[in-house]
Amino acid sequence: KSYYTRSVVLMKKIIILCFALLFLFSTTAAMATKEEVRVPTKVKVISQSCMAERLCITVIDLECNEVVVIFYSVLASGLFKGSLKLNNLIRTGMFVEPDEQAYVIGQDAPFVEGNEQGKEPKFPR
Numbered sequence: 002k003s004y005y006t007r008s009v010v011l012m013k014k015i016i017i018l019c020f021a022l023l024f025l026f027s028t029t030a031a032m033a034t035k036e037e038v039r040v041p042t043k044v045k046v047i048s049q050s051c052m053a054e055r056l057c058i059t060v061i062d063l064e065c066n067e068v069v070v071i072f073y074s075v076l077a078s079g080l081f082k083g084s085l086k087l088n089n090l091i092r093t094g095m096f097v098e099p100d101e102q103a104y105v106i107g108q109d110a111p112f113v114e115g116n117e118q119g120k121e122p123k124f125p126r
């Protein structure tokens with residue numbers, strides 16, 4: 002084989018190796034959490050929004066009355082669709098009275114027609 006053919010084959014192998022390493026590092030970074038977050042356990046849900054592979058829930062943490070926004074998303078695991086995992090949690094620093102805070106009815110959430118904004122939603126059964 003000529004020198005040119007060997008160098009082309011070597012370059013192809015290097016490019017494939019670079020793509021494989023890039024893919025490996027990107028999937029590992031997506032699975033790793035940046036820090037331990039404390040997900041509130043006693044909450045009042047005031048709003049939710051969802052997309053094809055993401056879910057956003059706005060809640061009031063009843064332990065400290067802080068508004069918290071929680072993001073879940075489907076993380077791909079290999080070639081198959083993964084499960085819903087906590088993606089991000091934002092503690093807003095806004096504090097409210099849970100009994101005085103209104104619900105927000107989202108159009109992407111299932112709800113019964115006739116509900117009024119600010120009233121407790123009636124979800125279909």
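Here the sequence shown is numbered in the working numbering, starting from 2 and rising by one per residue. Glycine residues also receive a C-beta, built at the ideal position from the N, C-alpha and C atoms. Computed from a predicted structure; not experimentally measured.
Legend entry - Extent of the continuous beta strand (DSSP E) to which Glu132 belongs: Lying before the first or after the last residue shown, residue 132 is absent from the chain, which here runs from 2 to 126.
Legend entry - Rounded C-alpha distance that separates Cys19 from Tyr5: 21 angstroms
Inset, instruction - Compare the Cα-Cα distances from Phe96 to each of Ala53, Arg7, Cys51 and Glu64 and report the closest residue. - result: Glu64
Inset, instruction - Please state if the CB of Val75 and the CB of Glu98 are separated by a distance shorter than 7 angstroms. - result: no
Inset, instruction - Using the Cα positions of Ala33 and Asn89, report the straight-line distance between them to the nearest angstrom. - result: Here Ala33 scores only 49 on pLDDT, less than 50, and its place in the model is too uncertain to base an answer on.
Legend entry - C-alpha distance - Arg39 paired with Tyr73, whole-angstrom precision: 14 angstroms
Legend entry - Proximity to Leu85 [Cα-Cα], best of Cys57, Val69, Lys13 and Met12: Cys57
Legend entry - Neighbourhood of Lys45 by C-beta, 8 angstroms cutoff - its chain only, sequence neighbours within 5 removed: Val60, Ile61, Leu63, Pro99 and Gln102
Inset, instruction - Report all residues from its chain with a CB closer than 7 angstroms to the CB of Phe92; omit the five preceding and five following residues, and keep chain order. - result: Here the sequence assigns Arg to residue 92, which means Phe is not the residue at that position. Closer than 7 angstroms at Cβ, skipping near neighbours: Glu67 and Val69.
Inset, instruction - For the beta strand (DSSP E) containing Pro100, list its first residue and its last residue. - result: Note that residue 100 is Asp in the sequence shown here, rather than Pro. Here Asp100 belongs to no beta strand (DSSP E), and DSSP marks it neither H nor E.
Legend entry - Between the CA atoms of Ala21 and Lys14 - distance to the nearest angstrom: 11 angstroms
Inset, instruction - Compare the C-beta of Ala53 with all C-beta atoms of chain B and state if any pair is closer than 7 angstroms. - result: The structure shown contains no chain B; it is built from a single protein chain.
Inset, instruction - Return the CA-CA distance between Lys43 and Ile71, expressed in angstroms with no decimal places. - result: 13 angstroms
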